[in-house]
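Engineer: Right, I'll just put the structure down here and ask away after.
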Amino acid sequence: MIRRMALNDEKRVDPTVETIVEMFPEAFLRNTAREAGVVIRERKVDPVVLFRVLTLGFGVRFLKKR
């Protein structure tokens, strides 16, 4: 039997995705990427989106575009 997680009705976001987004806020990810030398300047690849795609491949559809 497959159990599906209840989505947040207001935002239609999986609670797991919500939790991880709260644990790793955008400012933290951007600063960490810059300090680690992963990002020298932001252009086409957004370090926040890259992180979330690599760690939450299933939750990409929940990310809003700028």
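Whatever position you read off the sequence shown (first residue = 1), add 8 for the working numbering. Where is the CB? At the ideal position from N, CA and C, for every residue including glycine. Just so it is clear, the structure is predicted and the values come from calculations on it, not from any experiment.
#1: Just verifying my parser: in three-state terms, what is the DSSP assignment at Val29?
#2: So, Val25 versus Leu58, is the Cβ gap smaller than 8 angstroms?
#3: What did DSSP end up calling Leu62 once you bin it into helix, strand or coil?
#4: Where Gly56 and Phe32 are concerned, what is the direct C-alpha to C-alpha distance, given to the nearest angstrom?
#5: Got a sec, what are the start and stop residues for the alpha helix (DSSP H) Arg38 sits in?
#6: In this structure, does DSSP put Val47 in helix, strand or coil?
Structural biologist: Working from what's here:
#1: Residue state, collapsed to three classes: helix.
#2: no
#3: helix
#4: It should be noted that the sequence gives Val, not Gly, for residue 56. The alpha-carbon atoms of Val56 and Phe32 are separated by roughly 9 angstroms.
#5: 34 to 43 is the extent of the alpha helix (DSSP H) around Arg38.
#6: In the structure shown, Val47 sits in coil (DSSP, three-state: anything other than H, G, I, E or B).
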